[in-house]
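Asks:
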Amino acid sequence: MAEISNYEIYLMAGVLIPLASFFILMLFGPRIGKPVAGWLTVLAMASSCALATITLVGWHADVNTPPDSITGRTVAQQLSIDASHNQFHWADIGSVPIKIGVKLDSLTVIMFFMVTFIATWIFIFSVGYMSGHSDEVDGKSKYHRFFCYLSLFGFSMLGLVISSNLLFLFMLWELVGLCSYLLIGFYFDKKFASNAAMKAFITNRVGDFGFIFGLMMVFFFLKTFDLDQAAIEFGRQFASSTGVFDAGFAINLFGWHVSGAMLATMMGIGLFCGAMGKSAQFPLQVWLPDAMAGPTPVSALIHAATMVAAGVYLVARIFRLLTPEAQFFIAVIGCITLTAMALIAMVQTDIKKCLAYSTLSQLGYMIFGMGVGAWTAALFHLMLHAFFKAMLFLGSGQVIEGCHHEQDMRKMGGLMKKMPMTGITFLVGVLAISGFGIPLMNVGLGGYFSKDEILAVAWDRAYMWHEPIEHHGDSGHGDAGGHGDSGGYADASGHADLGGYGEIDSHGSVMPSDASASSFMLVSDQHGSTGHDTGHADSGHADSGHDDSGHGDSLHGEAGHASGSHALGSVESLKASIPPLPKWMFWLALITAYVTPFYMMRCWWMTFMGKPRDQHVYDHAHESPLMWVPLVALAISTFGASYFVFRPMIADAAGAATDATLVLGLDGVAESAETASGALIHVHEAHHWLAYGVGGSWVIAFFVAFLIYRNGLATGAKLKAAFGPLATLLEHKYYFDELYDFLLVRGCRLAAAVCRAFDTYVIDLFANLSASIVERFAVFSGRGVDAHVVDGVFNGLAAASMDVSDLVRSPQTGRIRNYVLFAAAAAVVVVMVMLYFDGSDYPVVRHASTIGASSAGIQ
Amino acid sequence: MPLLEIGLMHYLILAAAVFSCGVFVMSTKRNAIGILIGIELVLNAVNINFVAFDRYQVVGGCDGQISAVFVIVIAAAEAAVAVAICMNLYKNLNTIDVDRGDSLHG
Chain A
-17 MAEISNYEIY LMAGVLIPLA SFFILMLFGP RIGKPVAGWL TVLAMASSCA LATITLVGWH
43 ADVNTPPDSI TGRTVAQQLS IDASHNQFHW ADIGSVPIKI GVKLDSLTVI MFFMVTFIAT
103 WIFIFSVGYM SGHSDEVDGK SKYHRFFCYL SLFGFSMLGL VISSNLLFLF MLWELVGLCS
163 YLLIGFYFDK KFASNAAMKA FITNRVGDFG FIFGLMMVFF FLKTFDLDQA AIEFGRQFAS
223 STGVFDAGFA INLFGWHVSG AMLATMMGIG LFCGAMGKSA QFPLQVWLPD AMAGPTPVSA
283 LIHAATMVAA GVYLVARIFR LLTPEAQFFI AVIGCITLTA MALIAMVQTD IKKCLAYSTL
343 SQLGYMIFGM GVGAWTAALF HLMLHAFFKA MLFLGSGQVI EGCHHEQDMR KMGGLMKKMP
403 MTGITFLVGV LAISGFGIPL MNVGLGGYFS KDEILAVAWD RAYMWHEPIE HHGDSGHGDA
463 GGHGDSGGYA DASGHADLGG YGEIDSHGSV MPSDASASSF MLVSDQHGST GHDTGHADSG
523 HADSGHDDSG HGDSLHGEAG HASGSHALGS VESLKASIPP LPKWMFWLAL ITAYVTPFYM
583 MRCWWMTFMG KPRDQHVYDH AHESPLMWVP LVALAISTFG ASYFVFRPMI ADAAGAATDA
643 TLVLGLDGVA ESAETASGAL IHVHEAHHWL AYGVGGSWVI AFFVAFLIYR NGLATGAKLK
703 AAFGPLATLL EHKYYFDELY DFLLVRGCRL AAAVCRAFDT YVIDLFANLS ASIVERFAVF
763 SGRGVDAHVV DGVFNGLAAA SMDVSDLVRS PQTGRIRNYV LFAAAAAVVV VMVMLYFDGS
823 DYPVVRHAST IGASSAGIQ
Chain B
7 MPLLEIGLMH YLILAAAVFS CGVFVMSTKR NAIGILIGIE LVLNAVNINF VAFDRYQVVG
67 GCDGQISAVF VIVIAAAEAA VAVAICMNLY KNLNTIDVDR GDSLHG
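Protein chains in written order, with the numbering used here: chain A, -17 to 841; chain B, 7 to 112.
(1) Counting contacts by CB-CB distance shorter than 8 Å, is residue 101/B in contact with chain A?
(2) Taking all protein chains shown into account, decide if residue 697/A is buried (16 or more other Cβ within 10 angstroms of its Cβ) or exposed.
(3) How far does the beta strand (DSSP E) with residue 70/A in it extend, from its first residue to its last?
(4) Find the nearest neighbour of residue 430/A within the set 731/A, 108/A, 31/A and 623/A, judged by alpha-carbon distance.
(5) Candidates 75/B, 48/B, 54/B and 15/B: which alpha carbon is nearest residue 26/B's?
(6) Please return the same chain residues whose Cβ sits closer than 6 Å to the Cβ of residue 102/A, not counting the five positions on each side in sequence.
(7) Pull up the CB-CB distance for residue 14/A and residue 126/A, whole angstroms please, since I reckon it's below 8 Å.
(8) Of all Cβ atoms in chain A, is any one closer than 8 Å to the Cβ of residue 69/B?
(9) Mind checking who residue 798/A pairs with in its DSSP beta bridge?
(10) Can you check whether the CB of residue 631/A is closer than 8 Å to the CB of residue 88/A?
(11) Is it the case that the Cβ atoms of residue 403/A and residue 586/A are separated by a distance below 8 Å?
(12) In terms of DSSP beta bridges, what is residue 238/A paired with?
(13) Give the straight-line distance between the Cα atoms of residue 732/A and residue 340/A, rounded to the nearest whole angstrom.
(14) Going by CA-CA distance only, name the one from 24/B, 83/B and 10/B that's closest to residue 54/B.
(15) Which residue spans inside the segment 357 to 388 of chain A form an unbroken alpha helix (DSSP H) run of at least 4?
(16) Evaluate the contact criterion for the segment 336 to 351 of chain A versus the segment 307 to 321 of chain A: three or more CB pairs, one atom per stretch, below 8 Å.
(17) Helix, strand or coil for residue 596/A, going by three-state DSSP, please let me know.
(18) Given a limit of 7 Å on CB to CB distance, which residues of the segment 19 to 53 of chain B reach chain A?
(19) In this structure, what does DSSP give as the bridge partners for residue 82/A?
(20) Can you grab the Cα-Cα spacing for the pair residue 700/A / residue 692/A, in whole Å?
(21) Can you give the Cα-Cα distance for residue 19/B and residue 817/A, rounded to whole angstroms?
(22) Please report the distance separating the alpha-carbon of residue 379/A from that of residue 215/A.
(23) Give me the Cβ distance between residue 243/A and residue 227/A, rounded to the nearest whole Å; I'm assuming they're in contact under 8 Å.
(24) Would you please verify whether the beta carbon of residue 828/A is less than 8 Å from any beta carbon of chain B?
(25) When you compare the CB of residue 105/B with every CB in chain A, is at least one pair closer than 8 Å?
(26) Report all residues from its chain with a CB closer than 8 Å to the CB of residue 22/A; omit the five preceding and five following residues, and keep chain order.
(27) Could you tell me the distance, in whole angstroms, from the CA atom of residue 115/A to the CA atom of residue 278/A?
(28) Taking 8 Å as the cut-off, does the segment 82 to 98 of chain B touch the segment 28 to 44 of chain B (at least 3 CB pairs, one atom from each stretch)?
(29) Taking Cβ-Cβ distances shorter than 7 Å, what residues in chain B pair up with residue 753/A?
(30) For residue -6/A, which residues of its own chain have a beta-carbon under 7 Å away from its beta-carbon, when the five flanking residues on both sides are left out?
(31) Could you check the C-alpha separation between residue 15/B and residue 71/B for me, to the nearest Å?
(32) Just list the residues that DSSP pairs residue 390/A with in beta bridges.
(33) Comparing alpha-carbon positions, which option in 393/A, 34/A, 188/A and 605/A lies nearest residue 407/A?
(34) Could you give the DSSP three-state label for residue 123/A: helix, strand or coil?
(35) For a quick check, are the C-beta atoms of residue 159/A and residue 255/A less than 8 Å apart?
(36) Of all the options 220/A, 236/A and 80/A, which has the alpha carbon lying nearest to the alpha carbon of residue 209/A?
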């Protein structure tokens, strides 16, 4: 076991501190009271955040160290490998050891930081929120309980992030689900809240059933739960056509022939089902909007920023266990979700529900990104989304709090004057989610970087997939397809001076799986710039490639890929084995990119701009510092996260985490050198094109929203009337609740009625019949057998023993004289008997006679 | 063997006679002290046997005499206990008629 690094200790401590806070609040909560309980939770999470920050800073430095001359690894890579050996043996299942440990890589570090950072600010907001809300449930103060649950959530979410083992990940996964349930139903005396909590919990169970199924298959096929081990084993079995990929491997499932490859796909889909539940993907999306019944900080933390993102995180972690078919399934689910949910968001009037649907849609983007292979972009989007969506939710919480618990946007309007900080930060969130950015300049926010990259990869998968690499060799890719060098924005000379942004399009360091990684090269372009071997030294900062070649009129970082023929060949054959993405999926995602800014702008405009529509609400509106300070903090961090640290850190993690044998991570330089080569050849070209195609989407959509809602709600209502059935369909959320009500609830009731009838007429018949038989038999055995036979035996025995004892007691007269006579008589009898037998058999008598004889002799 | 010569058999006959008297006294007397006297007779008959057998045994030793001494000691202790029982009997029943003390009869 290698030495445990400080990072592992920091991360583990960061996980355990909220747990300690949970136990303190659970045991002493009522005595600690209000508001100390809240601040204690904040303190605990802030300590975790401090540890996370130390870890992040240290790790970021370690990632950027030059590789060791002997091992060829950076310090971070070495630590990551060491951490994978630092496993504690926990239990055995059969002969398979279950080991727990910290999964230490850039993704863990960055995700850990994101969760602790956002959670800290949301906890602070919660203190303010709870001071303005009732903390009484059923007439008792549950103030401490709220923060107790939040602490528990903090623990389980962070544990989930650092878990190196799918089984532990699953346990903590269930724990976050439990916390979600407890917090949605915090006001459990309100019927709608407790119903929403149950709906969330039950819907998640549906997904988790698939998850368990997938885990079972992982265990069965790969004989391990460890993420890295499982991936290695999966790749090994694929490469050598053994195990599940053995040509002869098949099972017969209810008469249905299932081949091993199909089972591998089912394994991936099974694991993804867990993500479908947690990340509320179609068709399990129904719980998330209802979950808005929970307190707003809960919505922000759990149902926007962290827990729902855990599904995407899970897919990122099991990326190496996916088959192309499973990946395609993921893409389809994501595509359906992102489109359908964005459309619903257009007609929502409840401010929180509107944000909830936008969350669903954005989660759909992330899942879609995973599905098309945009591993880095999807996670980058996850991080950015966590920041700005938490901020949006907190903003909505502030609005709701300020407006006297009014959630209907139709009654708001003009709140900008009363709540300037909230309005501005909300606008920042709107811009971020809309992908605000200015093409041709390296200026943008949030989705401009992440969402557009997902689209670029999707475009690549849909249109350029099987084009031979040579055709695009001159436009090769120097970097991650980060925006920096993606033509449109790049205007390339910007790289050198935009220090922070330069980092974004850095490669991140490539995780080499072996020495052949050094064949990762940038080659010269037609301008004659010299390509240079980036080897490892450059893998951390691929923008060095741009310095050479990305200037001038060239729109692209002119760096092509060349790599060892072996690696290229394997990637090419892998690419050839993966079918291109259906074009409609790309187009749906693209169109939704226009819908997103529209509904977000509509939401913002209806809330903050225009004329106040409800004077009462308007008069009541106010903001409090405890609530808007976190908003500002999150707004600033949204800017920061868009430019610094996050993108390269994720790209760094991508190397090891997508080192796939069956599916490809396409963006970032993500891939380890072997698989990377050529994978992203087209993406930045797509990005260039998309820069105009999508980059301006926010302008158009904002303008449309402004036109419609500038004069109040009348135009919107008219439009809705014009669309008629379509609008009704959206307002009823495609009748999913009704469908589930019809299929599942009514179905259950129908099944229950059938069962009841069966019970009444069949089971009861048998039960009654057998009861009457038993009864008759009981009467017979009781009155007949028992009363006469059994009782007769025992009474007879008793009477007999009574008679015997009477007989025996009669000689007992109580007179001593009688006893003496008996004794004497008995003695006489005994002597008589002895004499009768001639004494020869009785030693006493014989002895006496001997004595007599001898005595005679003496005399 | 001349009849008048005193031998073991004479002692045994004497002991048997004393024993019989003792038993007769025990079985006929209603007075507790009388019964006690009967017991003493029985015990002394046994003592006569012990001493006689000791005197006429083949191998030397004084086992019988020692046993007789033991019996005497035991008889003394027994007499003390028996007299105590008699006193308690008198205390409870105002009589030492043993036929009255029959409350445990079957």
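Using N, Cα and C, we set each Cβ at its ideal position, and we do this for glycine too.
Replies: Straight from the coordinates:
(1) With respect to chain A, the C-beta atom of residue 101/B has no partner C-beta closer than 8 Å.
(2) That one is exposed.
(3) Where residue 70/A is concerned, the enclosing beta strand (DSSP E) stretches over 70 to 75.
(4) Looking from the CA of residue 430/A, the closest CA among 731/A, 108/A, 31/A and 623/A belongs to 623/A.
(5) Selected option, being the one with the closest Cα: 48/B.
(6) Closer than 6 Å at Cβ, skipping near neighbours: 27, 28 and 31.
(7) Contact between residue 14/A and residue 126/A holds, since their C-beta atoms are separated by about 6 Å, short of 8 Å.
(8) Not flagged as an interface residue toward chain A: residue 69/B, since no C-beta distance is shorter than 8 Å.
(9) Residue 798/A is not bridged to any residue.
(10) Yes, these two residues count as a Cβ contact at 8 Å.
(11) Inclusion of residue 403/A and residue 586/A in the CB contact set at 8 Å is not warranted, their separation being larger than that value.
(12) In the DSSP assignment, the residues bridged to residue 238/A are 235/A.
(13) One C-alpha to the other measures close to 35 Å.
(14) Here the closest residue by C-alpha is 24/B.
(15) 357 to 384, all fully within the segment 357 to 388 of chain A.
(16) These segments touch.
(17) Coil, per DSSP.
(18) From the segment 19 to 53 of chain B, only 29, 32, 33, 34 and 41 have a Cβ closer than 7 Å to chain A.
(19) Residue 82/A is bridged to 70/A.
(20) Taking the straight line from one Cα to the other gives about 14 Å.
(21) If I take the Cα positions, the gap works out to 17 Å.
(22) Here the alpha carbon of residue 379/A sits roughly 47 Å from the alpha carbon of residue 215/A.
(23) Contact holds; Cβ gap of about 6 Å.
(24) No answer about residue 828/A holds up, because its pLDDT of 43 lies below 50 and its placement is not dependable.
(25) Yes, residue 105/B counts as interfacial toward chain A.
(26) Within the same chain, residue 22/A has close Cβ partners 3, 6, 7, 14 and 129.
(27) So the two alpha carbons sit approximately 11 Å from each other.
(28) Yes, since at least three Cβ pairs between the segment 28 to 44 of chain B and the segment 82 to 98 of chain B fall closer than 8 Å, the two stretches touch.
(29) Neighbours of residue 753/A across chain B, judged by C-beta separation under 7 Å, do not exist; the nearest C-beta is about 53 Å away.
(30) The residues are 84.
(31) Each residue's Cα considered, the two are about 18 Å apart.
(32) Listed as beta-bridge partners of residue 390/A by DSSP are 332/A.
(33) The shortest Cα separation from residue 407/A among 393/A, 34/A, 188/A and 605/A belongs to 605/A.
(34) Correct three-state label for residue 123/A: strand.
(35) Not a contact, by the Cβ cut-off of 8 Å.
(36) The shortest CA-to-CA distance from residue 209/A to any of 220/A, 236/A and 80/A is the one to 80/A.
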